[in-house]
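Enquirer:
Number of protein chains: 2
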Amino acid sequence: MPKQNLTLFASFLVAFITSAVAADKTTAFSRPDLAAATTLRERALADGTAYQLVTSLTTEVGPRPAGSPGDKAAVAWALREMKLLGFANVRTVEAVVPHWVRGEAEFEVLAPWPQAMPTLALGGSIGTGSEGIDADAIMVKDLEALAALPAGAVKDKIVFFSNRMERTRDGSGYGKAVTVRATGPSAAAALGAVGVVIRSISTSDQRFPHTGGTRYTINSPRIPALAISNPDADALVRQFESGKQVRLRMKSSSRDLPQVRSASVVGEIPGTDLAQEIIILGAHLDSWDPGVGALDNAAGVGIMMGVARLIAGLDVKPRRTIRVVLFANEEFGTSGSLAYVAANEAEIDRHVLGFEADFGAGPVWRLSSRVNPAQLPAVDQIYRALAPLKLARGGNDARGGADLDALSKLGMPILEPNLDGTKYFDIHHTANDTLAQVDPDALRQSVAAYGVTVWLGAQYPGKWERVITPKPPRR
Amino acid sequence: MPKQNLTLFASFLVAFITSAVAADKTTAFSRPDLAAATTLRERALADGTAYQLVTSLTTEVGPRPAGSPGDKAAVAWALREMKLLGFANVRTVEAVVPHWVRGEAEFEVLAPWPQAMPTLALGGSIGTGSEGIDADAIMVKDLEALAALPAGAVKDKIVFFSNRMERTRDGSGYGKAVTVRATGPSAAAALGAVGVVIRSISTSDQRFPHTGGTRYTINSPRIPALAISNPDADALVRQFESGKQVRLRMKSSSRDLPQVRSASVVGEIPGTDLAQEIIILGAHLDSWDPGVGALDNAAGVGIMMGVARLIAGLDVKPRRTIRVVLFANEEFGTSGSLAYVAANEAEIDRHVLGFEADFGAGPVWRLSSRVNPAQLPAVDQIYRALAPLKLARGGNDARGGADLDALSKLGMPILEPNLDGTKYFDIHHTANDTLAQVDPDALRQSVAAYGVTVWLGAQYPGKWERVITPKPPRR
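Same order as they appear, the protein sequences are chains X and R.
The opening residue of the first sequence carries number 436 in this note's numbering; numbering runs sequentially from there.
The opening residue of the second sequence carries number 436 in this note's numbering; numbering runs sequentially from there.
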């Protein structure tokens, strides 16, 4: 047996023994709980609730950016739907949210070859004033290339960031590419630039610009920032590669209004003997404004509400309390989840296990976790219960979504059924984020995978211990 | 042998004998001509000229709707590129073209569930005035459903046409669906409607509205007409299906300016002993304005110019003259091709065979024709020369493109390498018609298929007789 195979065999052996030892009487799931997991899975695969909720939220509310009338309508929608589904303790948790207004944006190449291109302002960008900005332009790949330019190279210019995001299943290409959107405008402004245009953080060849938040630093001038689609970025690269001076025009009426109050919406399936322990299911209610937020994140809302409803419909009641939290304002700094943590400070330690769905409409392809190593055997048991869904087994290095960041940093363990993100960044933050992008079968499968995992998480005979290792950096 | 197989066998036998008899010394292609066809095919499959031309036209000119500055720039581009490629007799043929200006359009559902949706005015539509139009709306599937409504049903209302186009390889779904776009606004206006919104004539689930020309009739009031994408049309259908009164808002600043002069651009590869006979290769230079007209029709321009260049590069010179005509204004009533026919009245009968490429960037999947039955054996020979490209054999009922309509009605035979249109109507007439939609391999294969067919058409030892059967109706 080659050394590699021997090592593999040894790993299996260790895993088997660990699992066999751990799954003793005190921590093995009961037969009725495992039977209920099977029932839940089968019902989920035939259940249309999640898709109906996604349809309803996108059709009846539509775009719901923080602070907008759609945001308010979404809160009312969530309260109504949670009550209709029979959830307990339905309530809001107030949050202060920004109220940035997109307005209209225009982007035009003036030279060498005049051409207008569809554009979107980055979230939070200032406007240009009604005259717009005409300026010579310079192309750089990314922040490193910007930093490497000679002094004065971008002064009074518009900077175009040309780097293209890489497509991956786990979304890891996003983290690498997105820093340009988050910090590019301030980095360019610090060097004297008057405006920024980025190639959208996108994996698509469709002509949709992608928006998404930018973060101005306090010590740089604020300059306007726009995004263009991949096909247009390619065309702009060709203009630069002609060797002729590129001149651009930007115009945007974006503006920041005073912050307003919004709310996260909470509903529960009460637990029984361990009711004081909370399993939190997080998704976010807000969306960006160009689309109707079907993948981002009506899908997550539908999955979590669908899971809770299926658990409520079982003959066995959950031991721990299932709490669905539809967070306000994930997109613009997660003020909803931060407010939730602040408002629930007294009971933070009772959040014993967390789930988040904020990566599209599935299917789920892998089970990852970030739990105390003592509970890894429990994750193994859950993984075995998921066997009919044929998932891969991920590591114990789950990142969790942005809305669980604060709770996660406080040591709350996470189970993460990984939604397939291969095509997610084709759609995310574009006008194209509509119901047509949601595959009902993949959504049902996702409800099944989340459902089984949440249910067994709620029934775990052991204790969900806190995680003490530092949270891995967001990729 | 079952009867069906017997019939099939008999057909083969007849075809074989016909072919063997017809391909006698007087009409069989010469060995050198067939060898040159092979050379041409091999060179085409390795040649980047067509893709370079598509890149150049979409990048350096971009949108070029009739009458616009882009239209003028496209004419200058074509003159320059034809000369650079070494074509002979490069010249323009003047045409009067409309100068409709799109302006901005907005579409909004006001009730029951307010939501704005991306929209495009139909080409030629009047605007709404700056106040826009707010009106209750009525949904009908198509023109038949509109006609079946009780008297007064659409009076003072906005009519929404909800029918969805069917996806097909040969584009036959388009003809069935497009009448709503062409004649729906006038039909609704005749019944008292104040505006029309159509589900785009589209096979895509991406959120791109499709424009395209509408034709007002002289005896109905002109009312504004907009198109929305398939995902939005689905969402609007759900609003209607709620049973609540749907109220819509339309706003558009579209306007018609006085006609202007534009031009088709012509260039030739001169023939030798049959130089007076013209093989015409047509594509159109204009495009709709939301995209950069890559598939519609820079691809056709690239294919035809690429074919002519490859033929010019052969050791053997063509017997008949190859004439590339890049027509002005196909999109808005084919005034370019009509003007071409008028300007060339004296030599119309010398147009002995026609080709058109106006259905995207390939690949070619079938060879169809519309020739005098006496030349079907020649088509069979050409089809055999195309064997390495593995095409299907189409019938003798080719439609030809819109720009060859006038010549075709005068009896000019047509050979039609059929471009695969399965995905063409995902893109056509949208902002998404960019270079990213062009597959360079498929484009090269298309140049190869067209190239072999054009070349052998030019070398045919027989006479291309006129077609006397009526042209089949456009599907």
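Cβ atoms here follow ideal geometry from the backbone N, Cα and C, with glycine treated the same way.
None of the values given here were measured: they were computed from a predicted structure.
Output the distance between the C-alpha atoms of ALA827/R and GLU791/R, rounded to the nearest integer angstrom.
Expert: 18 Å
Enquirer: Roughly how many whole angstroms lie between the Cα atoms of GLU543/R and VAL536/R?
Expert: 22 Å
Enquirer: With GLU703/X as the anchor, note down where its alpha helix (DSSP H) starts and where it stops.
Expert: Taken as a continuous stretch (DSSP letters only), GLU703/X belongs to no alpha helix (DSSP H), being part of the beta strand (DSSP E) at 690-704.
Enquirer: For ASN764/X, does the three-state DSSP call read helix, strand or coil?
Expert: ASN764/X: coil per DSSP, three-state reduction.
Enquirer: So that I know if they touch, is there some Cβ in chain X lying closer than 7 Å to that of ASP640/R?
Expert: yes
Enquirer: Should the region 733-749 of chain X be called in touch with the region 792-800 of chain X, which here means at least 3 C-beta pairs below 8 Å?
Expert: yes
Enquirer: Could you tell me which uninterrupted beta strand (DSSP E) segments, each at least 3 residues in length, are contained entirely in the region 592-639 of chain X, listed from first to last along the chain?
Expert: 593-596, 630-634
Enquirer: Pull up the DSSP beta-bridge partners for ARG828/R, would you.
Expert: LEU802/R
Enquirer: Roughly how many angstroms separate the alpha carbons of PRO753/X and ARG673/X, rounded to a whole number?
Expert: If you draw a straight line from the Cα of PRO753/X to the Cα of ARG673/X, it is about 59 Å long.
Enquirer: Quick check on this structure: which residue in PRO659/R, ASP640/R, ALA837/R, LEU854/R has the alpha carbon closest to the alpha carbon of GLY627/R?
Expert: The shortest Cα separation from GLY627/R among PRO659/R, ASP640/R, ALA837/R, LEU854/R belongs to PRO659/R.
Enquirer: Please return the same chain residues whose Cβ sits closer than 8 Å to the Cβ of THR888/R, not counting the five positions on each side in sequence.
Expert: Closer than 8 Å at the Cβ level, and outside the excluded window around THR888/R, lie PHE790, LEU802, ILE817, LEU821, LEU850, PRO852.
Enquirer: Out of GLY606/X, SER677/X, SER664/X, LEU557/X, point me to the one whose CA is closest to ARG657/X's CA.
Expert: Minimum Cα distance to ARG657/X is reached at LEU557/X.
Enquirer: In chain R, what lies closer than 7 Å to GLU495/X by C-beta?
Expert: TRP548
Enquirer: What is the DSSP secondary structure of THR869/X, reduced to helix, strand or coil?
Expert: Here DSSP, grouped into helix, strand and coil, assigns THR869/X to coil.
Enquirer: My output table needs one value for ILE714/X: the three-state DSSP class, helix, strand or coil.
Expert: Of the three classes helix, strand and coil, the one that applies to ILE714/X here is strand, per DSSP.
Enquirer: Kindly identify the DSSP beta-bridge partner or partners of MET685/R.
Expert: When DSSP reads this structure, MET685/R sits in a beta bridge with PHE542/R, ILE568/R.
Enquirer: Give the range of the alpha helix (DSSP H) segment to which LYS527/X is assigned.
Expert: The sequence shown places Thr at residue 527/X, rather than the Lys named in the question. Going by DSSP, THR527/X is part of no alpha helix (DSSP H) but of the beta strand (DSSP E) stretching over 523-536.
Enquirer: Can you pull the DSSP bridge partners for ALA551/R?
Expert: GLU543/R
Enquirer: Would VAL615/X and PHE595/X qualify as a contact pair, given that the criterion is a beta-carbon distance under 7 Å?
Expert: no
Enquirer: Since ALA509/R and LEU720/R are thought to touch, with beta carbons under 8 Å apart, how far apart are those beta carbons, to the nearest angstrom?
Expert: Distance from ALA509/R to LEU720/R at the Cβ level is roughly 5 Å; contact confirmed, criterion being Cβ atoms closer than 8 Å.
Enquirer: By the DSSP assignment, the beta strand (DSSP E) with GLY789/R in it spans what residues?
Expert: 786-791
Enquirer: Who are the neighbours of ALA718/X on chain R, taking C-beta pairs under 8 Å?
Expert: Those within 8 Å of ALA718/X in chain R number zero; the least Cβ separation is about 21 Å.
Enquirer: Can you check whether the C-beta of VAL456/X is within less than 7 Å of a C-beta belonging to chain R?
Expert: Bear in mind that the predicted position of VAL456/X carries a pLDDT of just 47, short of 50, making it too unreliable to give a figure here.
Enquirer: Tell me, please, whether the CB atom of ASN732/R is closer than 7 Å to any CB atom in chain X?
Expert: Not closer than 7 Å to any Cβ of chain X, the Cβ of ASN732/R fails to qualify, so no.
Enquirer: If we count the other Cβ atoms within 10 Å of its Cβ and call it buried at 16 or more, is GLU703/R buried or exposed?
Expert: buried
Enquirer: Evaluate ALA893/X with the Cβ neighbour count: other Cβ atoms within 10 Å of its Cβ, from every protein chain shown; 16 or more gives buried, anything less gives exposed.
Expert: Label assigned to ALA893/X: buried.
Enquirer: Using a threshold of 7 Å, state whether the C-beta atoms of ALA523/X and PRO705/X are closer than that.
Expert: yes
Enquirer: Have a look at GLU765/R and LYS686/R and give me their C-alpha separation to the nearest angstrom.
Expert: 27 Å
Enquirer: My parser needs the beta strand (DSSP E) runs of 3 or more residues fully inside the region 847-904 of chain X; what are they?
Expert: 849-854
Enquirer: Based on Cα-Cα distance, which residue from GLY559/X, ALA580/X, PRO798/X, VAL882/X lies nearest to ARG744/X?
Expert: With distances taken between Cα atoms, ARG744/X lies closest to VAL882/X.
Enquirer: Would you identify the three-state DSSP class for ARG657/X, choosing helix, strand or coil?
Expert: If DSSP states are grouped into helix, strand and coil, ARG657/X belongs with coil.
Enquirer: Using a Cβ cut-off of 8 Å, pull out every chain A residue sitting near PRO875/X, in sequence order please.
Expert: The structure shown contains no chain A; its protein chains are X and R.
Enquirer: Hey, VAL814/X and GLN694/X: beta-carbon distance below 7 Å or not?
Expert: no
Enquirer: Using Cβ-Cβ distances below 9 Å, what residues of the region 858-872 of chain X are close to chain R?
Expert: Cβ proximity to chain R below 9 Å picks out THR865, ALA866, ASN867, ASP868, THR869, LEU870, ALA871, GLN872 from the region 858-872 of chain X.
Enquirer: Step through the CB atoms of chain R and report whether any lies within less than 7 Å of the CB of PRO500/X.
Expert: Contact of PRO500/X with chain R is not assigned, every C-beta pair being separated by 7 Å or more.
Enquirer: Are the region 639-657 of chain R and the region 852-862 of chain R touching, with three or more C-beta to C-beta distances below 8 Å?
Expert: yes
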